[in-house]
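Colleague:
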Amino acid sequence: MITLTVNGTQHELDVEADMPLLWVLRDFLELTGTKFGCGVAQCGACTVQLDGEPIRSCVIPVAAAAGRQVTTIEGLSPDRSHPVQKAWIENDVAQCGYCQSGQIMAAAALIKAKPSPTDADIDEAMTNICRCGTYQPMRTAIKRAAELAREVS
Amino acid sequence: MNALSTGLSRRGFVKATLSAGGGLALGFHLPALAAADGPWAGAADGAEINAWLVIAADDTVTIRVAQSDMGQGVFTSMPMIVAEELECDWQHVRAEFASANRSLREDRVYQRMGTGGSNAVRISRPYLQQAGASARERLIAAAADEWGVAPETCHASASRVVHEPSGRSKRYGELAAAAAAVELEAEPAIRKPGEYKLLGTSVPKLDVPAKVDGSAVYGIDVRVPDMVYATVAACPVWEGRLSSVDAEPARKLRGVIDVLEFEDAVVVVADSFWRAKQGLDALDPQWDLGEHADASTEAFLERFRKALDDKGVVAKENGDAYDALEGAAKVVEADYSAPYLAHLALEPVNCTVHIQEDRVDVWTGSQNPESVLSVAAEVSGRPAEQVHVHSCFLGGGFGRRSRPDFVARAVAVAARVDRPVQVIWTREEDTRTGHYRPLAAFRFRAGLDAEGTPVALVNRSSTHSILAGLRPEAVADGLDQSSLSWLADSPYAIANLSVEHHLQRTHVPVWFWRAVGATQNAFAIESFIDELALAADMCPWQFRRQLLGSRPDMIPVLDAAAEQAGWDRSLPAGRGHGIALVEGFGSICAQVADVSVSRDGKVTVNRVVTALDCGNTVNPQTIEQQVQSSIVYGLSAALWGKVEINGGRARHGNFDRHRVLKMAEAPRMETHLVLAGGDKWGGVGEPAVPPVVPAVCNAIFAATGKRIRDLPLADQDLSWS
Ligand code: FES
Ligand code: FES
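Below, the structure is given as structure tokens:
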């Protein structure tokens, strides 16, 4: 049995210790907001936060997440009110949207670590693939999200 | 306008809707999926005015979208077109995907459901405007009838019908049931460009909120009670077969339910995707690779190029190009090639199927729910009326999801599983068994007169035909027009022209890749035009300009790109501007790229300026997004894109070997709309893909003096000193 805390809820799971966290989230907890794009830590579609750090859940065995706080897109806010979500809506960022959960989780971690991210910070932290090419509005939205986050804090 | 109201009661209306809608809402219901924000057809509540729209008592208007949303924004632009005429408050509009099953049963009430060719707005606009206008007039008629006044004395505004003389007004929600029963004697006229209120304004996309909290449902997110998962390994060489497989190593693994053998593939079914994948990894299938096990891109290209030695089938001829070449003062000759390209949509292809006694349900993100429906009927052996396609959002399409091969496989799997099954392709399997942008080779021979004016061009290309696999009769003359885009229809005035083609076939399946033939062709011909400009000792912008005598409408677009980019600005060594012009999908697009190349050959695309004439606009913000999307897509292909065939198979399957553009590599992008207006409606999802590649290659030449004749750039030595 593995004890996993996702978005504040504790789950007891009878799954293999080496099953990647991504598939536990998607197939056992039905948290399908976290996406599968490559399975080999290349695309970032599966990005979630582990104790606040962005990680690629397709290559993290579930056992490595046990006893730690997993936050998925579903747990970022109850009502799309996280500054990154707000800024994303304001800038109409998503196209197909498939990469967006991962991008948003990475961006949320970035603005937490760097409340005023520079372009270079964004380039370094935002390495997730977007095949629809939403990079330019995403960059604008990250800066806006940082601004929104600074306003509330 | 005269209207006839039958004054049906609300109860009567419900009956009428059900018979018209064929019990759509009752037929099948999956509460878990019918979320308020969900895209599912049939989730709408209220009175159906026509197949396109439903109005609820609280004024919510649900507009059905027959095209697929793969990021290009039709989930918003199509409803905008209906709402333009409906005069409803946009805040009350929601969208859902239309039902392919209903379209089948009701004589194609949704007209056409395929999405491709950048034609959603271009083709649907008139009938969507009509649907909105007709609904508006019926709402007015219902109110007028109730008030006992002439409909002409009423008007619609912001989800209300108003009778100004008496000061009365009623909400759409109050009128919808009665309006649904109104029959108009004549259809109202629709608005023309210049009369629009909503069209042409930037509207936030309706699906963005659901895409920031993980609630948007893609095919891969469908969860049906009792569902199992499956994953596929097909013979790595196309047209090969499965000889044998020992299923035991998979069967003994936890969660594995079954191992299914197909003629050309093995499929593992399990209680979760990862367990299915573990099962597949445990197998050692033996393949009969067939007759193509030695094939390679290199050998194909050699064959394609060899064909260019001979005159091909003539696609277009003006004057006598061969004769004119003889007399030319200067002759320029060059060979180009373009590689196979995979689509690499971020969501790997997948499809969920449940076959029951009297119905087949299919959940997937597809560019064509109608072809999904017919393929599912064919493979399951069921009448088409029994097949229900539940359209999901698409995690990218780019043409890949217009081919229903993955649906056929999923239905074949479901036929052997007694439960709903979701078949998910791994990234590697999706890429390696994909259907690619065709490999192509080109040879151009041009002659210039003493003043540098091009007087002759022999333009030979050698590539696959996508249509040959779809409708062989369409290419009976050896020509596939989709393979010839921007070769046969190039606008540059060259008096003596021979456009010739060699149609090729290999065992590698080819398919529509965002912007199709123009992508490989524009790279070649727009680069060669720059070679001619150089030979004529002219600026590439002015050189193109002077050859556009027959297309004056292209000149302002070309000029806008050059001027906005600051074309004449001098740039340091190792940095250059490149320009290209392509018309496709009804739109004219010119781009200028500003590129730096380091001495050791590293390419940085600093900026891309686009000028686009798509005639008129629905949602300008979406147009800008589509242009950016096209640039990023085209740049990924130019920089790294290729599918290498070796040993008959695609060698690489994942993003580690198929690099694509990331945030740090994305250029600054600027879009300028240069709109012709009038009756012109051009597409926007694709036209900006073809020019960006030659614009970058031409910029590299300006920066380094190195002419790029083969792609991707990553394979070329671009170092300079
Ligand atoms: S799915 Fe995990 S990085 Fe791509
Ligand atoms: S929005 Fe489609 S992959 Fe990023």
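Heads up: the protein sequence lines correspond to chains A and B, in order.
Once you know that position 31 of the first sequence is 31 in this note's numbering, the rest is easy, because the numbers rise by one and skip nothing.
Offset between the second sequence (1-based) and this note's numbering: plus 1000.
Heads up, the beta-carbon is just placed ideally off N, CA and C, and yes, glycines get one too.
All of these numbers come straight from a predicted model, not from anything done at the bench.
According to DSSP, alanine 1230 of chain B sits in a beta bridge with which residue or residues?
Modeller: In the second sequence, the residue the question calls residue 1230 of chain B occupies position 230. DSSP output for alanine 1230 of chain B lists B:Val1269 and B:Val1423 as bridge partner(s).
Colleague: Residues in the stretch 1–35 of chain A with C-beta within 9 Å of chain B's C-beta atoms, listed in sequence order?
Modeller: Of all residues in the stretch 1–35 of chain A, Val15, Glu16, Met19, Pro20, Leu22, Trp23, Val24, Arg26, Asp27, Phe28, Glu30, Leu31, Thr32, Gly33, Thr34 and Lys35 have a Cβ within less than 9 Å of some Cβ in chain B.
Colleague: If you reduce the DSSP assignment to three classes, tell me which class serine 1719 of chain B lands in.
Modeller: Locating residue 1719 of chain B in the second sequence gives position 719, where the first residue counts as 1. In the structure shown, serine 1719 of chain B sits in coil (DSSP, three-state: anything other than H, G, I, E or B).
Colleague: Quick check on the DSSP output: what are the complete beta strand (DSSP E) runs of length 3 or more inside the stretch 1111–1163 of chain B, in order along the chain?
Modeller: Fully enclosed beta strand (DSSP E) runs of 3 or longer: 1154–1157 and 1160–1163.
Colleague: What residues from chain A crowd round alanine 1345 of chain B, counting only those whose CB sits closer than 7 Å?
Modeller: Position 345 of the second sequence holds residue 1345 of chain B. Simply Arg131.
Colleague: Please look up how many angstroms separate the CB atoms of histidine 1343 of chain B and glycine 1434 of chain B, rounded, as I've assumed it's under 8 Å.
Modeller: One-based indexing of the second sequence puts residue 1343 of chain B at position 343. One-based indexing of the second sequence puts residue 1434 of chain B at position 434. Rounded, the Cβ-Cβ distance is 6 Å, consistent with contact.
Colleague: Using a C-beta cutoff of 8 Å, does tyrosine 1340 of chain B count as contacting chain A?
Modeller: Along the second sequence, one-based indexing puts residue 1340 of chain B at 340. It does not; no Cβ of chain A falls within 8 Å.
Colleague: With a threshold of 8 Å between beta carbons, is threonine 47 of chain A in contact with chain B?
Modeller: Here residue 47 of chain A refers to the residue found at position 47 when the first sequence is read from its first residue. Chain B, which has no Cβ nearer than 8 Å to the Cβ of threonine 47 of chain A, makes this no.
Colleague: Would you say cysteine 1235 of chain B touches ligand 2, meaning its beta carbon is less than 7 Å from a heavy atom?
Modeller: If you number the second sequence from 1, residue 1235 of chain B lands on position 235. Outside the cutoff, so no.
Colleague: Quick one: what does DSSP say threonine 1704 of chain B is sitting in, helix, strand or coil?
Modeller: Start at 1 with the first residue of the second sequence, and residue 1704 of chain B comes out as number 704. In this structure, threonine 1704 of chain B counts as helix in the three-state DSSP scheme.
Colleague: Please name the residues in the stretch 1418–1438 of chain B whose beta-carbon is closer than 8 Å to at least one beta-carbon of chain A, in chain order.
Modeller: Those residues of the stretch 1418–1438 of chain B that come within reach of chain A (Cβ to Cβ, closer than 8 Å) are Ile1424, Thr1426 and Arg1427.
Colleague: Could you compute how far the alpha carbon of glycine 1114 of chain B sits from the alpha carbon of valine 1362 of chain B?
Modeller: Taking the second sequence and counting its residues from 1, one reaches residue 1114 of chain B at position 114. Taking the second sequence and counting its residues from 1, one reaches residue 1362 of chain B at position 362. So the two alpha carbons sit approximately 16 Å from each other.
Colleague: Mapping DSSP to helix, strand and coil, what is glycine 1073 of chain B?
Modeller: For the purposes of this step, residue 1073 of chain B is taken as residue 73 along the second sequence, with counting starting at 1. Of the three classes helix, strand and coil, the one that applies to glycine 1073 of chain B here is coil, per DSSP.
Colleague: Specify whether the stretch 76–89 of chain A and the stretch 10–27 of chain A touch according to this definition: at least 3 beta carbon pairs, one from each stretch, less than 8 Å apart.
Modeller: Short answer: they don't touch.
Colleague: With respect to the alpha helix (DSSP H) encompassing arginine 1303 of chain B, which residues constitute its N-terminal and C-terminal limits?
Modeller: Counting from one through the second sequence, the residue named residue 1303 of chain B turns up at place 303. Note, arginine 1303 of chain B: alpha helix (DSSP H), 1297–1307.
Colleague: Expressed to the nearest angstrom, what Euclidean distance is found between the alpha-carbon atoms of glutamine 1067 of chain B and valine 1222 of chain B?
Modeller: Taking the first residue of the second sequence as 1, we reach residue 1067 of chain B at position 67. Taking the first residue of the second sequence as 1, we reach residue 1222 of chain B at position 222. Whole-angstrom Cα-Cα distance: 20 Å.
Colleague: Taking 7 Å as the cut-off, does the CB of threonine 134 of chain A come closer than this to any heavy atom belonging to ligand 2?
Modeller: Position 134 of the first sequence holds residue 134 of chain A. Yes, since a heavy atom of ligand 2 falls inside the 7 Å radius drawn around the Cβ of threonine 134 of chain A.
Colleague: May I ask you to report which of helix, strand or coil DSSP gives arginine 1359 of chain B?
Modeller: The residue given as residue 1359 of chain B occupies position 359 in the second sequence. Reduced to three states, the DSSP call for arginine 1359 of chain B is coil.
Colleague: Just the Cα atoms here: how many angstroms apart are phenylalanine 1075 of chain B and serine 1296 of chain B?
Modeller: Taking the first residue of the second sequence as 1, we reach residue 1075 of chain B at position 75. Taking the first residue of the second sequence as 1, we reach residue 1296 of chain B at position 296. Roughly 41 Å between the two C-alpha positions.
Colleague: With 16 as the cutoff for other CB atoms within 10 Å, does aspartate 1310 of chain B come out buried or exposed?
Modeller: Reading the second sequence from its first residue, position 310 is the one you call residue 1310 of chain B. Result: exposed.
Colleague: Quick check on the burial criterion: 16 or more other C-beta atoms within 10 angstroms. Buried or exposed for methionine 105 of chain A?
Modeller: Mapped onto the first sequence, residue 105 of chain A falls at position 105. Buried: at least 16 other Cβ atoms inside 10 Å.
Colleague: Is cysteine 98 of chain A near ligand 2, with its Cβ less than 7 Å from a heavy atom?
Modeller: For the purposes of this step, residue 98 of chain A is taken as residue 98 along the first sequence, with counting starting at 1. For the record, residue 98 of chain A in the displayed sequence is tyrosine; it is not cysteine. Tyrosine 98 of chain A Cβ: within cutoff of ligand 2.
Colleague: So threonine 127 of chain A contacts chain B; which residues on that side make the cut at Cβ distance below 9 Å?
Modeller: Here the question's residue 127 of chain A lines up with position 127 in the first sequence. By Cβ distance, chain B contributes Lys1662, Met1663 and Ala1664.
Colleague: Interface residues of chain A around tryptophan 1287 of chain B at Cβ under 7 Å?
Modeller: Start at 1 with the first residue of the second sequence, and residue 1287 of chain B comes out as number 287. Residues of chain A passing the Cβ test: none, with the nearest at roughly 23 Å.
Colleague: Can you give me the Cβ contacts of cysteine 1697 of chain B inside the same chain, cut-off strictly under 6 Å, excluding the 5 residues immediately before and after it?
Modeller: Numbered from its first residue, the second sequence carries residue 1697 of chain B at position 697. Cβ neighbours of cysteine 1697 of chain B beyond the five flanking positions: Ser1527 and Ile1708.
Colleague: State the Cα-Cα distance for the pair leucine 1175 of chain B and leucine 1086 of chain B, rounded to the nearest angstrom.
Modeller: The residue given as residue 1175 of chain B occupies position 175 in the second sequence. The residue given as residue 1086 of chain B occupies position 86 in the second sequence. Near 13 Å, if we compare the C-alpha coordinates of leucine 1086 of chain B and leucine 1175 of chain B.
Colleague: Apart from the five residues on each side of it in sequence, which residues of its chain come closer than 6 Å, Cβ to Cβ, to aspartate 1600 of chain B?
Modeller: Within the second sequence, residue 1600 of chain B is the residue found at index 600, counting from 1. Here the set comprises Ser1719.
Colleague: Look at the Cβ atom of arginine 1401 of chain B, then the Cβ atom of serine 1366 of chain B, and state whether they are nearer than 8 Å.
Modeller: The count along the second sequence starts at 1 and reaches residue 1401 of chain B at position 401. The count along the second sequence starts at 1 and reaches residue 1366 of chain B at position 366. For arginine 1401 of chain B and serine 1366 of chain B, yes; Cβs fall inside 8 Å.
Colleague: Tell me where the beta strand (DSSP E) around valine 1314 of chain B begins and ends.
Modeller: Working through the second sequence from its first residue, we reach residue 1314 of chain B at position 314. 1313–1318 is the span of the beta strand (DSSP E), which, as asked, contains valine 1314 of chain B.
Colleague: Taking the alpha-carbon of leucine 1470 of chain B as reference, which of B:Val1510, B:Pro1712, B:Arg1445 and B:Tyr1229 has the nearest alpha-carbon?
Modeller: Taking the first residue of the second sequence as 1, we reach residue 1470 of chain B at position 470. Closest by alpha carbon: B:Val1510.
Colleague: Please confirm whether alanine 45 of chain A and glycine 102 of chain A have their CB atoms less than 8 Å apart.
Modeller: Working through the first sequence from its first residue, we reach residue 45 of chain A at position 45. Working through the first sequence from its first residue, we reach residue 102 of chain A at position 102. Contact: yes.
Colleague: Buried or exposed: where does threonine 1604 of chain B fall if 16 or more other Cβ atoms within 10 Å of its Cβ makes it buried?
Modeller: Here residue 1604 of chain B refers to the residue found at position 604 of the second sequence. Counting Cβ neighbours within 10 Å, threonine 1604 of chain B comes out exposed, since fewer than 16 surround it.
Colleague: Roughly how many whole angstroms lie between the Cα atoms of leucine 1026 of chain B and leucine 1139 of chain B?
Modeller: Translated into the one-based positions of the second sequence, residue 1026 of chain B becomes position 26. Translated into the one-based positions of the second sequence, residue 1139 of chain B becomes position 139. Low confidence applies here, because leucine 1026 of chain B scores a pLDDT of 26, under 50, leaving its location unreliable; read the following figure in that light. Rounded to whole angstroms, leucine 1026 of chain B to leucine 1139 of chain B spans 26 Å at the Cα level.
Colleague: For glutamine 1621 of chain B, collect the residues of the same chain with a Cβ closer than 6 Å to its Cβ; drop the 5 residues on either side in sequence, then sort them by chain order.
Modeller: Counting from one through the second sequence, the residue named residue 1621 of chain B turns up at place 621. So the list reads Ser1202, once near-sequence residues are dropped.
Colleague: Ligand 1 and phenylalanine 36 of chain A: does the residue's C-beta get closer than 7 Å to at least one heavy atom of that ligand?
Modeller: Working through the first sequence from its first residue, we reach residue 36 of chain A at position 36. Correct: phenylalanine 36 of chain A has its Cβ closer than 7 Å to ligand 1.
Colleague: Under 8 Å, with one C-beta from each stretch per pair, do the stretch 1178–1193 of chain B and the stretch 1135–1155 of chain B reach the 3-pair mark?
Modeller: Enough Cβ pairs lie closer than 8 Å, so yes.
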